[in-house]
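Peer 1: Input: one structure, supplied below.
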Amino acid sequence: MAVAGRRAMWWARLRSPCPCAAPLCLPPWLPGGPAACERLYSSRDKEKLDMSTYPVENIRNFSIIAHVDHGKSTLADRLLEITGTIAKTARNKQVLDKLQVERERGITVKAQSASLFYNHEGVNYLLNLIDTPGHVDFSYEVSRSLSACQGVILVVDANEGIQAQTVANFYLAFEAQLAIIPVINKIDLKHADPERVEKQIEKLFDIPIDECVRISAKQGTNVEKVLQKIIEKIPPPQCNTADPLKALVFDSTFDHYRGVIANIALFGGEIQKGHKIMSAHTKKRYEVNEVGILTPNEQPTHKLYAGQVGYVIAGMKEVTEAQIGDTLFLYKQPVEPLPGFKSAKPMVFAG
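Take the position in the sequence shown, starting the count at 1, then add 9; the result is the number in this note's numbering.
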């Protein structure tokens, strides 16, 4: 009876669906959970997108910066929902935080990106969101992510107000000459005091009070206004598809089946499957196997163009081959590497 009971329990668990609802998915209790099902539901089975329909002037690359636990990842979830990038469900919590340590501790450790498609006043825009770490230990990763952006959303808790990492992140964006959109979050809290926080922002950052946007990312209150501000306040990237390929690596992940998946932002040119590329730092050459955007899961595209943000898979075997801040270019078409590269300080690996 005991053996039969265990078999029945195993069969019931085997039939339990993965939350992602993707075909061929693995149950969440298996090693890798939903991440494993993404490998089964290969990106090669998806229809490739044509990204040439989004000219540079219709692209906005932005980041969300904040002190720890001020609602940065929650705001990212709401932006993904409003633009239709993900379905609206109660499970949408920390969608861009994929590492186990990120979900357990409620912090962002790795920079993640997502491409949002948004229609504003009859014009289709491509909004590339780069979600950066909020902890002080990852300041270099934040700076490299910001170098791929033209603007930032500065999130401040309506209850706690400006904190140490708020100031540090503000000056990173300010020194990079990025457009800054101040957003006061958690206005739904009982002890929220947005008026006090607005005065702090004006006093410390010299940003007029009327430029602040009051929201509740948790409830979705006034979040769509943030999207409108992104289009109005953040300029498009200054780059040209006719230029030689110049791509910034701002993060990477490792897949046991496909190798390193490098997150890139294109500062010039275009990249597609079959291109021979080279790393400015390691001097190694690769052949591109796949390019695409993140929505936030991998969505292959025919090409990526200047001003766009996405990923490239090129047969890299070790994560050390895709160092944060490195520049990728076409072999035999060398370019001046993007400034600011530093070798990564060894830390505990998570991927």
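We treat Cβ as the ideally placed atom computed from N, Cα and C, and that holds for glycine.
Owing to the predicted nature of the structure, the values given are computational and were not obtained by experimental measurement.
Compute the beta-carbon to beta-carbon distance between I280 and K312, rounded to the nearest angstrom, for a pair I have assumed lies under 8 Å.
Peer 2: If you number the sequence shown from 1, residue 280 lands on position 271. If you number the sequence shown from 1, residue 312 lands on position 303. In this structure, I280 and K312 form a Cβ contact; the two beta carbons are roughly 7 Å apart against a cut-off of 8 Å.
Peer 1: Using the rule of at least 16 other Cβ atoms within 10 Å of the residue's Cβ for burial, across every protein chain shown, is L84 buried or exposed?
Peer 2: Locating residue 84 in the sequence shown gives position 75, counting from the first residue. Answer is buried; the Cβ neighbour count reaches 16.
Peer 1: Quick check on the burial criterion: 16 or more other C-beta atoms within 10 angstroms. Buried or exposed for H284?
Peer 2: By 1-based counting over the sequence shown, the position of residue 284 is 275. Burial is judged here by how many other beta carbons sit within 10 angstroms of a residue's own beta carbon; H284 has at least 16 and is buried.
Peer 1: Is it the case that the Cβ atoms of R369 and L155 are separated by a distance below 8 Å?
Peer 2: Outside the shown range of the chain, which is 10 to 360, sits residue 369, and nothing can be said about it.
Peer 1: Helix or strand or just coil, what does DSSP make of I196?
Peer 2: Working through the sequence shown from its first residue, we reach residue 196 at position 187. Here I196 sits in coil by DSSP.
Peer 1: As a quick exercise: from P343, G301, C158 and I224, pick the residue whose alpha carbon is nearest that of E293.
Peer 2: Position 284 of the sequence shown, counting from 1, holds the residue named residue 293. The question names Glu, but residue 293 is Lys in the sequence shown. It is P343 whose Cα lies nearest to the Cα of K293.
Peer 1: Between the alpha carbons of I190 and I322, how many angstroms are there, rounded?
Peer 2: Along the sequence shown, one-based indexing puts residue 190 at 181. Along the sequence shown, one-based indexing puts residue 322 at 313. Those two C-alpha atoms are separated by around 33 Å.
Peer 1: Going by beta carbon distance, what residues of the same chain come within less than 8 Å of G324, once the five residues before and after it are set aside?
Peer 2: One-based indexing of the sequence shown puts residue 324 at position 315. These residues qualify, in order along the chain: G268, Y295, E296 and N298.
Peer 1: Quick check on A201: buried or exposed, where buried means 16 or more other Cβ atoms within 10 Å of its Cβ?
Peer 2: Taking the sequence shown and counting its residues from 1, one reaches residue 201 at position 192. Counting Cβ neighbours within 10 Å, A201 comes out buried, since at least 16 surround it.
Peer 1: If you check the beta carbons only, do L187 and V161 fall under 8 Å apart?
Peer 2: One-based indexing of the sequence shown puts residue 187 at position 178. One-based indexing of the sequence shown puts residue 161 at position 152. Contact flag set, yes.
Peer 1: Starting from T175, follow the alpha helix (DSSP H) in both directions and report where the run begins and ends.
Peer 2: Taking the sequence shown and counting its residues from 1, one reaches residue 175 at position 166. Looking at the DSSP string, the run of the alpha helix (DSSP H) that includes T175 is A173 to E184.
Peer 1: Assign Q237 to one of three DSSP states: helix, strand, or coil.
Peer 2: Mapped onto the sequence shown, residue 237 falls at position 228. If DSSP states are grouped into helix, strand and coil, Q237 belongs with the helices.
Peer 1: Alpha carbons only, please: which of V232, E211, Q228 and L337 is nearest the one belonging to L88?
Peer 2: Counting from one through the sequence shown, the residue named residue 88 turns up at place 79. Here the closest residue by C-alpha is V232.
Peer 1: Tell me whether the beta-carbon of A157 lies closer than 8 Å to the beta-carbon of V300.
Peer 2: Taking the first residue of the sequence shown as 1, we reach residue 157 at position 148. Taking the first residue of the sequence shown as 1, we reach residue 300 at position 291. Going by C-beta atoms, A157 is not nearer than 8 Å to V300.
Peer 1: Out of curiosity, what's the CA-to-CA distance linking D368 and A289?
Peer 2: Residue numbering for the chain in the displayed model covers 10 to 360; residue 368 lies beyond these limits and cannot be assessed.
Peer 1: Can you give me the C-alpha to C-alpha distance between V192 and Y180, rounded to a whole angstrom?
Peer 2: As a working note, residue 192 is residue 183 in the sequence shown. As a working note, residue 180 is residue 171 in the sequence shown. Between V192 and Y180, the C-alpha separation is close to 16 Å.
Peer 1: In terms of residues, what are the limits of the alpha helix (DSSP H) holding K212?
Peer 2: Indexing the sequence shown from 1 puts residue 212 at position 203. Looking at the DSSP string, the run of the alpha helix (DSSP H) that includes K212 is P203 to F214.
Peer 1: How about E211 and P203: are their beta carbons less than 8 Å apart?
Peer 2: As a first step, residue 211 must be located in the sequence shown, where it is residue number 202. As a first step, residue 203 must be located in the sequence shown, where it is residue number 194. Not a contact, by the Cβ cut-off of 8 Å.
Peer 1: Could you check whether L254 and G229 sit closer than 8 Å to each other, using their CB atoms as the reference points?
Peer 2: In the sequence shown, residue 229 corresponds to position 220, counting from 1. In the sequence shown, residue 254 corresponds to position 245, counting from 1. Cβ distance not < 8 Å, so G229 and L254 don't count as in contact.
Peer 1: I believe D273 touches L337 by the beta-carbon criterion, under 8 Å. Please report the beta-carbon distance rounded to the nearest angstrom.
Peer 2: Here the question's residue 273 lines up with position 264 in the sequence shown. Here the question's residue 337 lines up with position 328 in the sequence shown. Sequence check: residue 273 is Ile here, not Asp. Right, their Cβ atoms sit about 7 Å apart.
Peer 1: Here's the rule: buried if 16 or more other CB atoms are within 10 angstroms of the residue's CB, otherwise exposed. What is P348?
Peer 2: As a working note, residue 348 is residue 339 in the sequence shown. So P348 ends up on the exposed side.
Peer 1: Could I get the ranges of all uninterrupted beta strand (DSSP E) runs contained in the segment 260-338, with 3 residues as the minimum, in chain order?
Peer 2: 268-277, 279-281, 285-288, 294-296, 299-303, 307-309, 312-314 and 318-322
Peer 1: Quick one, are the C-beta atoms of F126 and I243 less than 8 Å apart?
Peer 2: Working through the sequence shown from its first residue, we reach residue 126 at position 117. Working through the sequence shown from its first residue, we reach residue 243 at position 234. The answer is no: Cβ separation not under 8 Å.
Peer 1: By Cβ distance below 8 Å, which residues in the same chain neighbour T310 in space, the five residues on each side in sequence not counted?
Peer 2: Locating residue 310 in the sequence shown gives position 301, counting from the first residue. So the list reads K57, L58, D59, M60, V300, G301, I302 and G319, once near-sequence residues are dropped.
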